[in-house]
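Notes to accompany the following structure.
Residue numbers (our numbering): 698 to 1173.
Pasting the structure below:
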């Protein structure tokens, strides 16, 4: 089930809210476990058992670690290492097992040896997101920066909270601990501020991302001999708009939904296409993932405290893992290494700092171009496909736009694509989502009213008239 699915919009979400307001606030955590389980089973089916095992195992381990932190520190260190390894093994087997077997088979064939059968494992929905949340919870309890959940139901509600269960943001337990353990006092205010944010995200998904997706897919799916320079640049720009509006739209919907249930999620995007460097981009894009890798990988590796060479190595490791986190494909690995190399170069040259404001427009253009090239790697089927895309992008191939792409360049899609591209040129501090959620005053109230009375019905009409379109980050 996805947030833009009519079943969710007109049945699941209204029923959840009605039941909550009809008396469910007193047992909110238990209620969230129940509806979160239904929500997960809708798409995850039997993998809910793997999720349940992860919840129970990490909760028990955290409670033990809270006691051993002072009583048996040596045993505690071994236990936290074991828990982290088990969590990562779960991701490794389900997400990368088939990829590892395929690469091993390819090496064996190259060496003239007989390769075994390939392995195809179904990917459990949301395993990357909920496993990272479990790891952060266990480590924070061991570090003493967070207390273990008082009851299993409290921790289960944190993981099974359906607004962030499937595709983030990666919310840490400490971020919503107070919300989990107390009944919200300002329920009406939370609803008034959360509902417009949800519909703003829905509009970004169904009115922009889904419309532009048809253009991006048509471009990337063209046969090799049909590419022209115009068609590949159209595809790259369309995908840049699609992935931003798709994922930031999901994050807006998650933040708005959570707010309606009394939870305050951290922001996940901060106008990333306004970045003036790749360093700046990663402070703005998928911020919950960036901060997770910073706090649980980069800093434990030594961060920038052990000299420049070690710093560059740490950055490269972090972005190699960032690429791997996104999927078992060489395109994701090279995409991560590409961004890591950009950050290393910016450290070496000093380009990672903001610099003088007069250079900001040029720096934004260069940064966006680099991000765009990265998205080509990210979206391509495989590395040869990406290399061919780059070849046509930079060595002019003229001719008309291929028919396989031209058919999708309808007036409606071009309009929403133009709306999406315009976000690149907007002021860096323009944040409609944050105004809807946090700002007070007449202008903010008027924007919320317009969002509910105008944008919400229009977005729902698009959702009803469109075919099933899962969020891009569901696959991760």
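In this text, a Cβ means the ideal position worked out from N, Cα and C, and glycines have one as well.
Classification of residue i by the beta-carbon crowding that lies within 10 angstroms, buried from 16 upward
i, result
"residue 778", "exposed"
"residue 1115", "exposed"
"residue 837", "buried"
"residue 1135", "exposed"
"residue 934", "buried"
"residue 983", "buried"
"residue 804", "exposed"
"residue 921", "exposed"
DSSP state of residue i mapped onto helix, strand, coil
i, result
"residue 1026", "coil"
"residue 924", "coil"
"residue 726", "helix"
"residue 1107", "coil"
"residue 1001", "coil"
"residue 811", "coil"
"residue 901", "helix"
"residue 867", "coil"
"residue 974", "coil"
"residue 1078", "coil"
"residue 939", "helix"
"residue 964", "coil"
"residue 702", "coil"
"residue 1094", "coil"
"residue 816", "coil"
"residue 883", "coil"
"residue 769", "coil"
"residue 822", "coil"
"residue 959", "coil"
"residue 848", "coil"
Other residues of its chain near residue i: CB distance less than 8 Å, five sequence neighbours each side excluded
i, result
"residue 985", "865, 866, 867, 868, 963 and 965"
"residue 1160", "701, 702, 703, 706, 899 and 903"
"residue 1079", "1026, 1027 and 1028"
"residue 1155", "900 and 904"
Alpha carbon of residue i to alpha carbon of residue j, nearest angstrom
i, j, result
"residue 1133", "residue 957", "13 Å"
"residue 937", "residue 1139", "34 Å"
"residue 766", "residue 879", "27 Å"
"residue 906", "residue 872", "29 Å"
"residue 822", "residue 1028", "21 Å"
"residue 1153", "residue 718", "22 Å"
"residue 1009", "residue 1041", "6 Å"
"residue 786", "residue 728", "31 Å"
"residue 971", "residue 1053", "15 Å"
"residue 1088", "residue 953", "42 Å"
"residue 1260", "residue 759", "Here the chain covers residues 698 to 1173 and nothing more, so residue 1260 does not appear."
"residue 891", "residue 1128", "15 Å"
"residue 1118", "residue 1103", "19 Å"
"residue 862", "residue 947", "12 Å"
"residue 856", "residue 753", "11 Å"
"residue 981", "residue 876", "25 Å"
"residue 885", "residue 1097", "55 Å"
"residue 1024", "residue 817", "14 Å"
"residue 771", "residue 1073", "47 Å"
"residue 798", "residue 815", "6 Å"
"residue 1091", "residue 1106", "23 Å"
"residue 788", "residue 1146", "43 Å"
Chain-order list of residues whose beta-carbon lies under 6 Å from that of residue i (same chain, five-residue window excluded)
i, result
"residue 1015", "990, 994 and 995"
"residue 1057", "973"
"residue 845", "759, 760, 763 and 838"
"residue 1075", "1032"
"residue 793", "1025"
"residue 949", "894, 897, 898 and 1130"
"residue 1001", "1008"
Close Cβ partners of residue i (< 7 Å) along its chain, the five nearest in sequence each way excluded
i, result
"residue 859", "732, 733 and 736"
"residue 1169", "940, 943 and 944"
"residue 761", "776"
"residue 773", "762, 765, 766 and 839"
"residue 714", "957"
"residue 978", "969, 972, 1064 and 1068"
"residue 784", "828, 831 and 832"
"residue 1007", "999"
"residue 850", "726, 727 and 730"
"residue 1109", "908"
"residue 881", "887 and 959"
"residue 932", "913, 916 and 917"
Supposed close pair residue i, residue j - CB separation, criterion 8 Å
i, j, result
"residue 748", "residue 827", "6 Å"
"residue 1047", "residue 1013", "Not really, about 19 Å apart at Cβ, beyond 8 Å."
"residue 701", "residue 1166", "7 Å"
"residue 1130", "residue 897", "6 Å"
"residue 693", "residue 926", "Examination of residue 693 is not possible in this model, given that the chain is present from 698 through 1173 alone."
"residue 667", "residue 1101", "Outside the displayed range of the chain (698 to 1173) lies residue 667, so it cannot be described from this structure."
"residue 1022", "residue 825", "6 Å"
Residue-level contact to chain C via CB, residue i, 8 Å cutoff
i, result
"residue 994", "Considering every chain present, this structure includes no chain C. It has just one protein chain."
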